[in-house]
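So the structure is just underneath, and the comments pick up after that.
Residue numbers (the numbering used here): 69 to 1206.
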């Protein structure tokens, strides 16, 4: 009943009394004797909702304005307080708000602002500039508040004492971490300066909170418990937590929601802080404001900025020698960006409502000056700091940045033009006003230049007339600047790649954090590119755990594993049989446990009778230990003494015998202090016998260490794999990022070398830990397939095929499968040669072909440094790598392109190097085309391969001619690999892997004989990729060389190489239209041939006969289709009834 009564407020007839001592009449009309919500609480709830609505409205209206919203909100609060002062009915409500508990006010709004500010900080920039931040936020803050307190004490006319002046100095010295950087973070100012401003504000807030509480306690009540101000360390905890968290600290897909959620909470917190403090300031200070106070307000504002400037100037010599350095321009920005807001208002509110000694007028004057100082810094500093930054030249856009922006704008314009060209072909949009459209989509470069500078950039980039590179006029300094800017943008692209890999599940959280942190640490190292050798320092696993495991493994003694041969002697043979029984070990453990009881009892005070019994027990157990050691020595012979654990047991026996001897020697003698100490020491040493039980624990401890080490190795492989993938992703962006031919070549060379180093590291990890690497690869494959399933489900939902209920069920199943990834074993045995043969895409599920290859294949073994095949040699066959790593050195693949063209596209100064590991195949393309090898293959480790000779391969080609033939399937596998690389290179901004997965059922390879014509893009093809050889556009005579995505404006090509292959991606609608009830996947290759035959493919143009896809040279070949989303070959009969 008491709990119920405590939730209600008893209505008394007493009249409410205002904070200024005035009593008001309030009509209290309630239905009944109790009410749950107070009479004025609904106004507070209404104030919250109205304030949030007004704040959102102002944010929308003043989005493009430079007027701070917080100032307007604060003025609205002041206006409400002033209205309450003159309107009696409204006064009760405003005074109710003015009496808000400062502790509640602090804990409601401040944590959100502190955490958001810390969360937005760059941890690695913060780590390097920590001592700079510390100097500004601790000694700098203390010096700042001391000078302000001294100035206030000397010149104020309010008769404040020294303690109150110092307290006021603490209040107005702290700055707001969010509002201090709000005006400068999006104008091009360096992240280093922004981090300094935000870090100084965060830690000065923590310092001010502690100093404020300490000083308040000293002024008001010296006996206040220290725990009250120690509770303020929550500010520091929130700061540290926010700094340590980043975008990969949350599950993939959650980070964006977290960012938006905290940004919204921060905005609402600022809205409520400034509205409420505006009301509080008006209600509590309006009766005391005089004309003289305006002079003090202006003086205080000027003093705040002047003293802050002097403190920063005083610390500059130290700041310039720490972190990223320091200069006077940075100092000017830091001084002028110090906005007083959240913490200043919180502490002033706490002082105004405290029960400390002092008049109400004094407390309210502190509130008035703190509030006006906050408003003036927001009105003046916040609106002018942007102009200050620009005047000081801290946000000047350098030439390389302008070049990068120019390149980005040109690319956007190019994509707009291409999109318009495609849309003009749309029959519904053909009659649109294209002149107006071109004007509406026109995008200008956001960086404004003068004519001379713009022409310099154009000359540096491309000639506007002939669109060719002109780099001769670029100075060495400009090249260095452009290279540095390109390096920074590449680091940003690498970080984006790591985040993408994490969000798709290809990187675990630890690996993503290490890679992102490593990339961010390179930002401030001028000219330094990220490389795998330095990244290794972040994840080297050969550390304490490995050493500790090795130590335990040396000590552990497993009698079954180390079992020696028994002696022929019957007695020794019996001893051997006893010692190597499980029961013998268990008996030894039981004896050790029983011995623990008298050892513990011996530490208590006992009678002489019990002491004698304990001595006998000690003799008994030592005898058992000696018996155990004797049996082991007889059973194992000389090998007994060489085991660490046996040596340890002997030490226990020797110490026990010494203990017995000392006790018996000292017994007849008169006990002295040293004798008693010696006996006590040996009594304590007896506890070492309990360590014999570690023999049970150590194997389990080794297993735990093994799991932890495996986890570290998993992270290690993930890091190396993520690094290599990041290098591949950014490689295709070099041309867009660098905007300069010389820079592109230099960066390409560096990135290629870094990638090869990463590939080598992956191969070495697979050599050292094949079972762990196999487990990681297995998990990554499962994750990739499940990601593809998720993307497919999104497509089905967006197209309306699946409703919400069905989506929930399917999504739940996919999520369950992803959750089950954690249950997969951490180690999986690497596949054998037979399993690898079954996993080859062109042998999958073909038992006859696999058996044929197995009978003729040979297992070859190579040592480190052996050469498997050399450049310019004719191929002897193909090698399937079973284990080990090989290095490829020589020329990059020519893909059937003529030598003169190849040399132009691949200069000799660009070396080609690659590493292949288990599962890779060497020499496929060369065996198909019967051309000489283009690279030398050297063994980097001991290598085992499955070798299939050229003769056996040719025999297999002749043996398996049924559609799809074995030769065609190998071509298809190679064509897919080349196509994916071409897509990544030409369409670097798109996700091509998922696109190829969805298009795989509609893909086939087509042969274009030499100097024969072939029609493409006839309305049934989405993409045509030249994967081998070369062709020429019959209309404009434009040559194309493999690998290349043929443009859709090309409709007829002529084969110009001995072997030319095209990969055709048909439209989905064509596949549906051609499918029949008897065969769901009609062979696209032969369907294309029948369609060409219908239109008459025998006509000739310019003396050349048009090529038909089902000509004699390619008869018997068929398409590759997929029924389950994988690269599975499905045969479809050539003859299908129409």
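All C-beta atoms in this analysis are idealised placements derived from N, C-alpha and C, irrespective of residue type, glycine included.
Remember, predicted model here, so these are calculated numbers, not experimental data.
>> By the DSSP assignment, the beta strand (DSSP E) with residue 881 in it spans what residues?
In response: On the chain shown, position 813 is the one that residue 881 refers to. Note, residue 881: premise wrong, no beta strand (DSSP E); alpha helix (DSSP H) at 872-887.
> How many angstroms separate the CA atom of residue 373 from the CA atom of residue 420?
Replying inline: If you number the chain shown from 1, residue 373 lands on position 305. If you number the chain shown from 1, residue 420 lands on position 352. Taking the straight line from one Cα to the other gives about 25 Å.
> Which residue's Cα is closest to the Cα of residue 1045: 1099, 1110, 1025?
Replying inline: Counting from 1 along the chain shown, the entry for residue 1045 is found at position 977. With distances taken between CA atoms, residue 1045 lies nearest to 1110 out of 1099, 1110, 1025.
>> Using only the alpha-carbon positions, how far apart do residue 25 and residue 1117 sit?
In response: The chain is shown from 69 up to 1206; residue 25 falls before or after that span and cannot be answered.
> Which class does residue 951 belong to by DSSP, given the choice of helix, strand or coil?
Replying inline: The count along the chain shown starts at 1 and reaches residue 951 at position 883. Strand, per DSSP.
> Whose C-beta lies closer than 7 Å to the C-beta of residue 158 among residues of the same chain, with five residues either side of it excluded?
Replying inline: For the purposes of this step, residue 158 is taken as the residue at position 90 of the chain shown. So the list reads 151, 152, once near-sequence residues are dropped.
>> Beta-carbon within less than 6 Å of residue 253's beta-carbon, same chain only, minus the 5 sequence neighbours each way: which residues are those?
In response: Taking the chain shown and counting its residues from 1, the one referred to as residue 253 is at position 185. If we look at residue 253 and ignore the five residues flanking it on each side, its Cβ neighbours are 262.
> Counting along the chain, where does the beta strand (DSSP E) carrying residue 381 start and finish?
Replying inline: The residue labelled residue 381 in the question sits at position 313 within the chain shown. Boundaries around residue 381 are those of the alpha helix (DSSP H), 359-387, since no beta strand (DSSP E) includes it.
> Under a three-way DSSP split, which group does residue 995 fall into?
Replying inline: Here residue 995 is taken as the residue at index 927 of the chain shown, counted from 1. Reduced to three states, the DSSP call for residue 995 is helix.
>> In chain order, what are the residue ranges of uninterrupted alpha helix (DSSP H) at least 4 long that sit wholly in the stretch 129-190?
In response: 137-154, 156-166, 170-187
> Rounded to a whole number of angstroms, what is the C-alpha to C-alpha distance between residue 676 and residue 684?
Replying inline: As a working mapping, residue 676 is identified with position 608 in the chain shown. As a working mapping, residue 684 is identified with position 616 in the chain shown. Cα-Cα distance, rounded: 13 Å.
> In chain order, what residues of the same chain lie with their CB nearer than 7 Å to the CB of residue 1216, ignoring the 5 residues before and after it?
Replying inline: Here the chain comprises residues numbered 69 to 1206, so residue 1216 is not present and cannot be evaluated.
> What is the DSSP secondary structure of residue 461, reduced to helix, strand or coil?
Replying inline: Taking the first residue of the chain shown as 1, we reach residue 461 at position 393. In this structure, residue 461 counts as coil in the three-state DSSP scheme.
> Between residue 325 and residue 418, what straight-line distance do the alpha-carbon atoms span, to the nearest angstrom?
Replying inline: For this step, residue 325 is matched to residue 257 along the chain shown. For this step, residue 418 is matched to residue 350 along the chain shown. Residue 325 and residue 418 have their C-alpha atoms roughly 34 Å apart.
>> Three or more C-beta pairs under 8 Å: does that hold for the stretch 569-586 against the stretch 780-790?
In response: yes
> Does the beta-carbon distance from residue 242 to residue 276 come in below 9 Å?
Replying inline: Within the chain shown, the letter at position 174 stands for residue 242. Within the chain shown, the letter at position 208 stands for residue 276. In this structure, residue 276 lies closer than 9 Å to residue 242 by Cβ.
> On the three-state DSSP scale, how would you describe residue 1014?
Replying inline: Locating residue 1014 in the chain shown gives position 946, where the first residue counts as 1. Residue 1014: strand per DSSP, three-state reduction.
> For residue 1107, which beta-bridge partners are listed by DSSP?
Replying inline: For the purposes of this step, residue 1107 is taken as residue 1039 along the chain shown, with counting starting at 1. DSSP output for residue 1107 lists 1100 as bridge partner(s).
>> Less than 9 Å between the C-beta atoms of residue 779 and residue 615, yes or no?
In response: In the chain shown, counting from the first residue as 1, residue 779 sits at position 711. In the chain shown, counting from the first residue as 1, residue 615 sits at position 547. For residue 779 and residue 615, no; Cβs fall outside 9 Å.
> Unbroken alpha helix (DSSP H) runs of length 4 or more, entirely within the stretch 699-784: which are they?
Replying inline: If you keep only unbroken alpha helix (DSSP H) runs of at least 4 residues inside the stretch 699-784, you get 712-734, 741-753.
> Rounded to a whole number of angstroms, what is the C-alpha to C-alpha distance between residue 126 and residue 139?
Replying inline: Along the chain shown, read from residue 1 onward, the residue named residue 126 stands at position 58. Along the chain shown, read from residue 1 onward, the residue named residue 139 stands at position 71. One C-alpha to the other measures close to 11 Å.
>> Suppose the cutoff is 6 Å on Cβ atoms and the five residues either side in sequence are ignored; what does the same chain contact list for residue 451 look like?
In response: Mapped onto the chain shown, residue 451 falls at position 383. These residues qualify, in order along the chain: 134.
>> Please report the straight-line C-alpha distance between residue 1004 and residue 488, rounded to a whole angstrom.
In response: In the chain shown, counting from the first residue as 1, residue 1004 sits at position 936. In the chain shown, counting from the first residue as 1, residue 488 sits at position 420. Cα-Cα distance, rounded: 48 Å.
>> Taking 6 Å as the limit between beta carbons, can you name the residues of its chain near residue 737, skipping five residues before and five after?
In response: In the chain shown, counting from the first residue as 1, residue 737 sits at position 669. Once the five neighbours on either side are set aside, residue 737 has no close Cβ partner at all.
> Just how far apart, CA to CA, sit residue 799 and residue 819?
Replying inline: Taking the chain shown and counting its residues from 1, the one referred to as residue 799 is at position 731. Taking the chain shown and counting its residues from 1, the one referred to as residue 819 is at position 751. Cα-Cα distance, rounded: 7 Å.
>> Suppose you measure from the CA of residue 400 to the CA of residue 461; what does that come to, to the nearest Å?
In response: Here the question's residue 400 lines up with position 332 in the chain shown. Here the question's residue 461 lines up with position 393 in the chain shown. Those two C-alpha atoms are separated by around 12 Å.
>> Could you check whether the stretch 789-805 touches the stretch 554-570, counting it as contact only if at least three pairs of C-beta atoms, one from each stretch, sit closer than 8 Å?
In response: yes
> I think residue 347 touches residue 143, with their Cβ atoms under 8 Å apart; what is that distance to the nearest whole Å?
Replying inline: Taking the first residue of the chain shown as 1, we reach residue 347 at position 279. Taking the first residue of the chain shown as 1, we reach residue 143 at position 75. With a Cβ gap of about 11 Å, residue 347 and residue 143 do not count as contacting.
>> What does the alpha-carbon distance come out to for the pair residue 717 and residue 697?
In response: Residue 717 sits at position 649 when you count from the first residue of the chain shown. Residue 697 sits at position 629 when you count from the first residue of the chain shown. Going by the C-alpha atoms only, they are around 8 Å apart.
> Are there 16 or more other CB atoms within 10 angstroms of the CB of residue 308, so buried, or fewer, so exposed?
Replying inline: For this step, residue 308 is matched to residue 240 along the chain shown. Counting other Cβ atoms within 10 Å of its Cβ, residue 308 stays below 16 and is therefore classed as exposed.
>> So, under 8 Å CB-CB, residue 236 and residue 214 are touching, yes? Tell me the CB distance rounded to an integer number of Å.
In response: Position 168 of the chain shown, counted from the first residue, corresponds to residue 236. Position 146 of the chain shown, counted from the first residue, corresponds to residue 214. That belief does not hold up - the Cβ atoms of residue 236 and residue 214 are roughly 12 Å apart, past 8 Å.
> Within this structure, are the beta carbons of residue 402 and residue 174 separated by less than 9 Å?
Replying inline: On the chain shown, position 334 is the one that residue 402 refers to. On the chain shown, position 106 is the one that residue 174 refers to. Taking 9 Å as the Cβ cut-off, residue 402 and residue 174 do not qualify as a contacting pair.
>> For a test of the three-state rule: what should DSSP assign to residue 588, helix, strand or coil?
In response: Taking the first residue of the chain shown as 1, we reach residue 588 at position 520. Note: residue 588 maps to helix in three-state DSSP.
>> Quick test of the definition: if touching needs 3 or more C-beta pairs under 8 Å, does the stretch 184-192 touch the stretch 585-592?
In response: yes
>> I need the boundaries of the beta strand (DSSP E) containing residue 1071, first residue and last residue.
In response: Counting from one through the chain shown, the residue named residue 1071 turns up at place 1003. In the DSSP annotation of this structure, the continuous segment of the beta strand (DSSP E) that includes residue 1071 starts and ends at 1071-1075.
>> To the nearest angstrom, how far is the alpha carbon of residue 549 from that of residue 177?
In response: If you number the chain shown from 1, residue 549 lands on position 481. If you number the chain shown from 1, residue 177 lands on position 109. When the Cα atoms are used, residue 549 and residue 177 turn out to be separated by approximately 45 Å.
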